[in-house]
Amino acid sequence: MEASKVITYSLLAQIRNSGNFVNSSVEIFVPIVKYALYKLITQSGVYKGASITEISTWICQYFGLDFPPAVLEKILLKIGQEINTSEELKLQVYRDGSFWIKNYSFEEFNDIYETNRQQVELVQTMFKQFCDINDVKKDSYNTIFDFVNLNKLKISNYLANRDYSVNGSKFSIEAQFVEYFRNIPGCYEVIRKIYLGSILSCYLSEYEPQDKMMSDVELLLDTNFIVSLLDLNTPESTTTCRQLLKIASSFGYSLRVLKETIKETTDLLLKKAEYFDKSFLPKLINPEDIYKACERRNLNRNDLERIADNLENILVDEYSILQIPYTVKYQNLAKSSTEYAEFKKIRNTDFAALHDIMALYYVREKRGKKKIKHFEDVNCWFVNNAINHDNSDYVGYKLRGYQPEIIRADELLCVLWFIKPDIGNGDLTDGVVDTNLNALISCTLNSSLPQASIIKELDDNIQKYKDASISDKDILRIATRITTHQLKNIEELNEIAESDSKQFVQKLKEEADKQKQEDDKRIARFEDVLKKLERLSSKPSDIEVEKRKRFKLINENRERDRNDYIKKQICKWRLKTWYWVGGITVILLVCLACYLVLPSTEGIDCFLQKKSISLIGAFILGVFDLFVIKNLYDKYCNHSNINAFKMNIIVPEELKNLNRIEDMPN
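Residue 226 in numbering that gives the first Met the number 0 sits at position 227 of the sequence shown, and the numbers go up by one each step.
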């Protein structure tokens, strides 16, 4: 992604967070266009044009945003209303699309733009060093911003029926970077701003609001959504699901769950309770594992069994989620479908595959068995909180250009916030940003992990065959190698365990030792770099401070020299009139001297007394008064005339203010 677009995303988020733009979301782009107009004037000298597309082209080059003509015209008219006065028109947009700009300045945005530019560069620098520490070489380090932009593409698939292919698996190192630096506010806050800005940019072209939004909507909740709702996933997942239910309830949405979903969730919890003391590896590899949540919340086997036994009552009493008891029809439809056969290849069990297809047929029936184009027209969704998109990708390929039946909780939350920004305050905006970034990280990091059944088998083999040479730290290192995708042949390890347990243990020890060596190398470099990065994230470097001081000093000197230059030009301008005064005065004095030294002036007196000569003399004096005296008055006392002259003075390039630090001479 271009650096200019990334900076603009950061700016958009800062503008959005500093004001209330609920009445017109396009208003967040007004400061961007204002600054673009200022840059257009100062850098290119363009004051008028035949079409506003010239402004649009400039904005695209400088900010990386593509403004549709209708949107840009609306923004320009709004700016005109703000800056035009009864005494002076500074911006005019005519009916034929042409425009005219005069006396316009928006310098106050310079510092904001420069700050955001430096922040974006800092994140890119930190990402490069993070890659160096982890021994990852990349052709371009802009991919960190491509990763943050992924969710914009997913949201666009819902809002504008786009056919964007979203593949997060290739952004593993980027996801690790964002995950790690979440604890460094200076860096993570910039990433949050870029993410929010990327979503806000959809207002320009991705979304055409409909007249009204469907209120009679039903959300059919999946098993993993229920697990997250019960706080048996990550804290972020729980926040996402509960936040979505809160918003859905405020919209009057109905919350439903299949009886098969309750059965699947109950069976899952009871199975986890059964193996509660026998599982170790899964919670180290998968942060969304139920055992990880139990460890965080200090839950034991009995707690899981209690939740499973009371699941239906918990859903009704605490969340107003009602069960759909009669599902035989959907079960029969699912069993006879071709999709069931496909889903059996994706899901861990046949029951899980059958459950998902039943949910799809329920949603299709609720939608009247019609394909729906606009998000606002959808009256039923199958909502999950899965860590991957396997099932939704399978169903989605047949619905290009139409709304799918399945939607992730974080995506639905983001879309609802986008099309109804008045549903909450700034805290909700922060929540949506954090929710979607967390989901993006989780999906990316988990997309290339082995299946849960394979990890479970490896865990069983480790517990069965490990000896005193394999410590808990070794198992932790093995888990690290799996999560960082350095250990991929897990199925091969399981096969070795079945055939030769000693070789299996030896292989585990080798992998653990490899990770220990890598950890030692990484830690040695990481601590120094981390301290440096923390300093960088908290304050600008000394070099940057010196650059800013020099930049300010250069502009101050140029302003002083420019004012001196303008004063000299005004002096020359006034001096031309004084040349005329001097010349005429000399002529009159010469004539007077000649008159006084003549021996006889009788002829001259007679000549001057003629009426025609008197008229000519009066005319000459009138012209002198009109063109000389009036000229002097205009150049000394008529301030509007003086200002008009100043505006037409062509200032040399070396006296103009610098717009960017990069423009400073070496």
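Note that the Cβ used here is the ideal one computed from N, Cα and C, for glycine as well.
Bear in mind the structure is a predicted one, so any value in this text is a computation, not a measurement.
When the distance is taken between beta carbons, is I54 closer than 8 Å to A35?
yes
Locate the beta strand (DSSP E) running through F381, then write down its first and last residues.
379 to 383
C-beta contact flag for I40 and P30 at 8 Å:
no
Do the segment 257 to 269 and the segment 220 to 232 touch if we need at least three Cβ pairs shorter than 8 Å?
yes
Given a cut-off of 8 Å on the beta-carbon distance, is the pair V189 and Q118 in contact?
yes
Would you identify the three-state DSSP class for S171, choosing helix, strand or coil?
helix
Can you name the start and end residues of the alpha helix (DSSP H) that F144 belongs to?
142 to 147
In whole angstroms, what is the alpha-carbon distance linking S139 and N83?
45 Å
Apart from the five residues just before and just after I59, which ones in its own chain have a Cβ nearer than 8 Å to its Cβ?
Checking the displayed sequence, the identity of residue 59 turns out to be Cys instead of Ile. Here the set comprises D65, F66.
Note down, in chain order, each residue of its chain lying with its Cβ closer than 6 Å to the Cβ of S50, except the 5 sequence neighbours on either side.
G96
Rounding to the nearest angstrom, what Cα-Cα distance links L588 and G582 in this structure?
10 Å
Residues bridged to G48 by DSSP?
F98
Sort T114, K38, S171 by Cα distance to I481 and report the nearest one.
S171
Less than 8 Å separating the beta-carbons of L199 and L11?
yes
Three-state secondary structure (DSSP) at D459?
helix
Give the DSSP-derived three-state secondary structure of I454 in the structure shown.
helix
Measuring alpha carbon to alpha carbon, tell me which of R521, K472, I522, Q462 ends up nearest F503.
Q462
Given this structure, state the Cα-to-Cα distance separating K397 from A467, to the nearest angstrom.
Caution applies to K397, whose pLDDT of 48 falls short of 50 and renders its modelled position unreliable; the model cannot decide the point.
For the beta strand (DSSP E) containing L310, name the first residue and the last one.
L310 -> not in any beta strand (DSSP E); alpha helix (DSSP H) instead, spanning 310 to 318.
Determine contact between the segment 545 to 558 and the segment 645 to 658, defined as no fewer than three beta-carbon pairs at a distance below 8 Å.
yes
Could you compute how far the alpha carbon of Y393 sits from the alpha carbon of A451?
Low confidence applies here, because Y393 scores a pLDDT of 45, under 50, leaving its location unreliable; read the following figure in that light. Straight-line Cα distance between these residues: approximately 20 Å.
Ignoring anything shorter than 3 residues, give me the beta strand (DSSP E) runs that lie fully in the segment 332 to 361, in order along the chain.
none
Apply the 10 Å Cβ neighbour rule to N390 and answer buried if 16 or more other Cβ atoms are within range, or exposed otherwise.
Note that N390 scores a pLDDT of 46, beneath 50, so its modelled location is shaky and nothing firm can be said.
Per DSSP, which residues does V92 bridge with? Please list them.
F98
Assigned exposure category for R659 - 16 Cβ within 10 Å defines buried
exposed
Ordered along the chain, which non-local residues of its own chain (more than five positions away) have a Cβ less than 8 Å from that of V650?
R561, Y564, I565
Would you say Y37 and Y112 are within 8 Å of each other, going by their C-beta atoms?
no
Span separating the alpha-carbon of D266 from that of A351:
11 Å
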